[in-house]
Amino acid sequence: AKRFIGHTTKIIVAERNDDSRLNVFRDLVSDDDEDLRPRIATIAKQQGLDDFLRADDRLCLIKIYAPFCKACKAFGVQFRKLASEKGDRINSAGNVVHPGNIRFGEIEYSSNIKLCRALSVKKFPTVLVYRGGGDGGERLSEIFCRSNAVEEILVELDQLMVGG
Numbered sequence: 125a126k127r128f129i130g131h132t133t134k135i136i137v138a139e140r141n142d143d144s145r146l147n148v149f150r151d152l153v154s155d156d157d158e159d160l161r162p163r164i165a166t167i168a169k170q171q172g173l174d175d176f177l178r179a180d181d182r183l184c185l186i187k188i189y190a191p192f193c194k195a196c197k198a199f200g201v202q203f204r205k206l207a208s209e210k211g212d213r214i215n216s217a218g219n220v221v222h223p224g225n226i227r228f229g230e231i232e233y234s235s236n237i238k239l240c241r242a243l244s245v246k247k248f249p250t251v252l253v254y255r256g257g258g259d260g261g262e263r264l265s266e267i268f269c270r271s272n273a274v275e276e277i278l279v280e281l282d283q284l285m286v287g288g
């Protein structure tokens with residue numbers, strides 16, 4: 125491990141002779157599709173939710189999960205895949221490279237109990253669907269995530285996008 129770290133340091137030092145550390149970082153950032161990841165916002169507290177919903181007027185999917193929940197962990201993989209297909213995709217610098225039609229966010233229950241209660245969430249994992257916008261967004265539906273959750277979410281999204 126030390127040998128690898130030392131080798132990496134030498135590469136960075138050699139590249140840094142260009143006069144700018146930023147150039148090194150830019151060279152490491154890739155916009156190739158295989159290097160992109162889904163943009164899933166971490167939402168904390170009511171203000172964080174309000175800010176997320178006000179950011180733009182796209183549909184918003186917000187996953188509410190608990191870290192101790194096995195079903196939440198299993199659904200998390202499906203949610204991330206859905207976010208990669210339908211949502212914004214970002215590079216390692218956090219810049220949106222491929223904008224999506226839907227925004228994705230998540231709320232962790234144990235850190236946001238008061239918010240989850242205010243949202244009337246009683247089961248995990250749950251996905252809340254909102255229409256974002258300047259007025260703070262409009263809650264459109266709530267989906268308790270069972271084994272067929274992604275199919276149910278896709279049907280709901282298709283209906284909302286056609287009708288909305």
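To convert a position in the sequence shown, counted from 1, into the numbering used here, add 124. Each residue gets a CB set at the ideal place from its N, CA and C atoms; glycine is no exception. The structure displayed is predicted, hence computed values, not measured ones.
| Item | Value |
| --- | --- |
| Classify C184 as helix, strand or coil using the three-state DSSP reduction. | strand |
| What's the call for P162, buried or exposed, on a 16-neighbour Cβ count within 10 Å? | buried |
| Shortest alpha-carbon distance to K205 belongs to which of T166, L278 and P191? | L278 |
| Within a Cβ cutoff of 7 Å, which residues of the same chain sit near K187, ignoring the five residues on either side of it in sequence? | F203, E230, P249 and V251 |
| Check this for me: beta carbons of F183 and I214, under 7 Å apart or not? | Looking at the sequence shown, residue 183 is not Phe but Leu. Contact flag unset, no. |
| Using a Cβ-Cβ cut-off of 7 Å (strictly less than) and excluding sequence neighbours within five positions of S208, which residues of its own chain qualify? | P162 |
| What is the residue span of the beta strand (DSSP E) that S265 lies within? | E262 to F268 |
| Would you mind stating whether P256 and D174 have Cβ atoms separated by less than 7 Å? | Per the sequence presented here, residue 256 reads as Gly, with Pro not at that position. Not in contact: G256 and D174 (Cβ atoms no closer than 7 Å). |
| Starting from E209 and walking both ways along the alpha helix (DSSP H), at which residues does that stretch end? | K194 to K210 |
| Could you tell me how far apart the beta carbons of E275 and S265 are, in whole angstroms, since I believe they sit closer than 8 Å? | Going by Cβ atoms, the distance from E275 to S265 rounds to 15 Å, so no, they are not a contact pair. |
| Buried or exposed: which applies to D282, given that a residue is buried once 16 or more other Cβ atoms fall within 10 Å of its Cβ? | exposed |
| Assuming K210 contacts G224 under a Cβ cut-off of 8 Å, what Cβ separation, rounded to an integer in Å, is found between them? | 5 Å |
| Tell me, to the nearest whole angstrom, how far the beta carbon of F199 is from that of C269; I am working on the premise that it is less than 8 Å. | 5 Å |
| According to the Cβ coordinates, are V201 and L160 closer than 7 Å? | no |
| Quick one: Cα of R140 to Cα of S216, how far? | Reliability of the predicted coordinates at R140 is poor, the pLDDT of 45 falling under 50, and the value obtained from them is presented with this limitation in mind. Near 20 Å, if we compare the C-alpha coordinates of S216 and R140. |
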